[in-house]
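Residue numbers (our numbering): 22 to 299.
Laid out in structure tokens, this is it:
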């Protein structure tokens, strides 16, 4: 597939912004989705990474592509490769969002690059998000999005190495209900997270795909639980998908002053790796 990388790079510098008030109801829904008990009153500190559920782009049904995502070509460049995923990112935390405050996101396209991987072409789009809450700069985020082609039949895959078990370890069941709730909270119409027929028959996955942002949220919250306070920096990278038809393990180990964290399915390879620093 011919990709005009020069044309796609003309999107560098494009910006988008939106604002939304964080309501107690949204925090209650967020806490219920993760089966957690967090404070939900006006003025309380909001849970980590709840900003991913706020100020998300809202596109009419007529502007959605075949996969349920908004069609590209406005804020995000019109990459022609059919599959996309949240490949990784970095969060730097400066202050806490509080319930009842107005959260504003300003997003900028920082880079667009084309690479060739084992299964074909890969296009990476780097987006910078700056988040303020009632005018205070509370966090910065770098989001790396990757677009790729559908894996061709006959392409061999190396045998994955099973993930290690961390000294800190939990097992979760990412049910279709949990995935649906998180999609609703983030207004994410991507069908791979809730439409099993689309997942299995069109995309060729064995089950519903567990959201990358949801995995990052679980790992970041685990880091805060272990240390008793939120990290100042959190890095993560997606390595392989997780699905709703298998248990998900959440792992962490001490790494000096930092924590190394990762997810996997039981007996499977690392799905997402992360590092939290204080």
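A virtual CB, placed ideally from N, CA and C, is assigned to each residue, including glycine.
Just so it is clear, the structure is predicted and the values come from calculations on it, not from any experiment.
Item                                                                                                     : Value
Check: residue 294 C-beta below 6 Å from any heavy atom of the ligand MN                                 : Because no ligand of any kind appears in the structure shown, any question about the ligand MN cannot be addressed here.
Exposure of residue 38, with buried meaning 16 or more beta-carbon neighbours within 10 Å                : exposed
Residue 205, enclosing alpha helix (DSSP H) - first and last residue                                     : 197-206
Rounded straight-line distance, which links the Cα of residue 189 to that of residue 267                 : 20 Å
Residue 272 versus residue 259: straight-line alpha-carbon distance, rounded                             : 15 Å
Inter-residue spacing [alpha-carbon to alpha-carbon] between residue 90 and residue 220                  : 14 Å
From 132, 33, 86, residue whose alpha carbon lies closest to that of residue 213                         : 86
Member of 73, 217, 102, 104 whose CA lies at the smallest distance from the CA of residue 8              : One cannot answer for residue 8 here, as it falls past the ends of the chain, which runs 22 to 299.
Which of helix, strand or coil DSSP assigns to residue 117                                               : coil
Residue 232 in three-state terms, based on DSSP                                                          : coil
Limits of the alpha helix (DSSP H) - the one that residue 28 falls within                                : 26-30
C-alpha gap between residue 262 and residue 43, whole angstroms                                          : 30 Å
Segments of 4+ residues assigned as alpha helix (DSSP H) that fall wholly inside the stretch 45-99       : 45-54
DSSP state of residue 132 mapped onto helix, strand, coil                                                : strand
Touching by the beta-carbon criterion (3+ pairs, under 8 Å), the stretch 148-164 and the stretch 201-208 : no
For residue 250, the three-state DSSP class (helix, strand or coil)                                      : coil
DSSP state of residue 214 mapped onto helix, strand, coil                                                : helix
Status (buried if at least 16 other CB within 10 Å, exposed otherwise) for residue 60                    : exposed
Three-state secondary structure (DSSP) of residue 305                                                    : There is no way to answer for residue 305, as the model of the chain reaches only from 22 to 299.
Coarse secondary structure for residue 263, derived from DSSP in three states                            : coil
Status (buried if at least 16 other CB within 10 Å, exposed otherwise) for residue 48                    : buried
Inter-residue Cα distance where the pair is residue 119 and residue 24                                   : 43 Å
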